[in-house]
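Q:
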Amino acid sequence: MTSDLPRASEPPAIEELTAGHLAAVFARMSGLLLSAEKVDTALKLITALAVEMVPGTTGAGLSLLDRDGARMTAAATDEVVERADALQYRLGHGPCLTAWADRVVVRADDLAVDERWPAWSRPAAELGLRSALSAPLVAGPEPLGALKVYAVPPHAYGEREEHLLTMFAAQAAMLIGNVRTAQDAERASAHVAEALRGREVVELAKGIIMARDRVDERAALLTLAQLAGQERATVRHTAERLAQSTVRRLR
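Our numbering numbers the first residue of the sequence shown as 6 and each following residue consecutively.
Here it is as structure tokens:
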């Protein structure tokens, strides 16, 4: 005899819980990114969370470009991950770099026999890494880098883990993209401020020459340019020297 009692509702899937938790975690982290030190801490936290969120994972790493445009490991959970990453950068190929370049999730079920990157896979397996899963960090037209996780046993990852890492990488990419936008804006603001300071000192030097030589603004600028040429310096540096020497004389 079957019961007519209503069934209890199914608990939410772990992916649904993960998505909500990740969004909350990354939103909180975004509000804390106020310094380079905190950015580094946040990147390390991303890799630590990746180990926790993707079942079976023993290590994780985050690959980005440095200021010179070279690929680097911005954060890693351990030295083994750093060594595996460094070998990929040196060889110019590997699952992480493939995910980054092709903007796709790349899974390696057994690095001991994987033939896609033989020069990298064998040494990685000798480090004790048999499974690898990499996801691109995409925020805008160009990928920012890649997030990868490793496991000791072969065949540690499947479609479910691919989905989890893809979801995690999407949140991480948004965070990193926001950080870079803020840093670019800060650098641009600093450049503008520096340019304004340079213009101010040139205006001050022109005023000094106008008062000293009793000439108009155009003649003062020509005099300043001539002085800069004689000193083999920029107009700004000559203006700074003139302003400083005038201040010293007035003291």
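Backbone N, C-alpha and C fix where the C-beta goes; we use that ideal spot for every residue, glycine too. These numbers were taken from a predicted model, which means no experiment stands behind them.
#1: Look at Val109 and Pro158 and say whether their C-beta atoms are less than 8 angstroms apart.
#2: Count the other CB atoms within 10 Å of the CB of Glu166; is the residue buried (16 or more) or exposed (fewer)?
#3: Taking its Cβ as the centre, do 16 or more other Cβ atoms sit within 10 Å of Val44, making it buried, or is it exposed?
#4: Check Gly234 in the structure and name its three-state DSSP category.
#5: Return helix, strand or coil for Gly74, following the three-state DSSP convention.
#6: From what residue to what residue does the alpha helix (DSSP H) around Tyr94 run?
#7: Taking contact to mean at least 3 C-beta pairs separated by less than 8 angstroms, is the stretch 164-178 in contact with the stretch 205-217?
#8: Which word fits Ser68, buried or exposed, when buried means at least 16 other C-beta atoms lie within 10 angstroms of its C-beta?
#9: Taking 8 angstroms as the cut-off, decide whether the C-beta atoms of Ala113 and Ala91 are in contact.
#10: May I ask you to list the residues that DSSP assigns as paired with Lys153?
#11: In or out: Pro123 buried (at least 16 other Cβ within 10 Å) or exposed?
#12: Using the three-state DSSP reduction, which class does Arg121 fall into: helix, strand or coil?
#13: To the nearest angstrom, how far is it from the Cα of Ala130 to the Cα of Arg237?
A: A quick look at the data gives this:
#1: no
#2: buried
#3: buried
#4: helix
#5: coil
#6: Unbroken alpha helix (DSSP H) run through Tyr94: 84-96.
#7: The stretch 164-178, when compared against the stretch 205-217, does not touch it at the 8 angstroms Cβ threshold.
#8: buried
#9: no
#10: BP columns for Lys153 point to Gly66, Ser139.
#11: exposed
#12: coil
#13: 60 angstroms
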